[in-house]
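S.K.: One structure coming up, written as C-alpha cells, with questions to follow.
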Amino acid sequence: MVGLDVTNKVIIREEQVRALEAAQNPSARPPARSCAPNFDRLSKTGHTTGFAMHDPLTVAQLIDPSVVTLKDFFVEIETTGELTAGQSLGYAHGPVRRSPPLETGLPSADSPEAEFKPNAKVAVEVDPDKFFRLLLARLTSAA
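If you read the sequence shown in the working numbering, its first letter stands for residue -7, the second for the next number, and so on.
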C-alpha cells in the first residue's frame, strides 16, 4: 500500500515536464500533455511548485521496490464509520484494539487480544530523486 502521506512527497516540477516534452517520443508525449494543463491551472492560483505523482509512484514501486521503504502493517478498510467510511487504517504493531459497535456505543464482551499478524506491506518513506530518475529514464528513453 502506498498512501497519500508518501505520494505527497514526490512532487513533479515544471522542469521535469519540460524534459518529457523535449524527449519527443511516444512514451513521453502523453504524460507531458496531461501535466502541462495542470501547471497552467496551478499558476493561475499562485501554486507553481508542482503536484503529487500518486499513481506513478505506486506503479514505480512495483518496478523498483527500492524507491520506497516498506514496513509490515495490519491494514483494514473502515466500512462502518460515519465520517471515515472507506478510509484505510494501518497498525504497525499490535494488538489491534477494536472499537465498540457503532450502533450501541457499548463495549462488547471482553475478548482476548489477538496476536498481531501483518497483512500488508505499507510504504512509509520514499526516495523522490530515485523515483524521478526511474520515471524520466523510462519515459524519455529512445528505446
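Note that beta-carbon positions come from the ideal geometry of N, C-alpha and C, so glycine has one too. Quick caveat: nothing in here was measured; it's all calculated off a predicted structure.
Starting from the C-beta of residue 44, find all residues in its chain whose C-beta is less than 7 Å away, skip the five residues before and the five after it, and write them out in chain order.
M.R.: Closer than 7 Å at the Cβ level, and outside the excluded window around residue 44, lie -1, 0, 2, 3.
S.K.: In this structure, does DSSP put residue 19 in helix, strand or coil?
M.R.: It is coil, neither helix nor strand.
S.K.: Which residues in the same chain as residue 29 place their Cβ atom closer than 8 Å to its Cβ, once the five residues preceding and following it in sequence are excluded?
M.R.: Closer than 8 Å at Cβ, skipping near neighbours: no residue.
S.K.: Which whole-angstrom value is the C-beta distance of residue 8 and residue 128, which I expect to be below 8 Å?
M.R.: That belief holds up - the Cβ atoms of residue 8 and residue 128 are roughly 7 Å apart, short of 8 Å.
S.K.: Quick one: Cα of residue 67 to Cα of residue 79, how far?
M.R.: Their backbone Cα atoms lie some 10 Å apart in a straight line.
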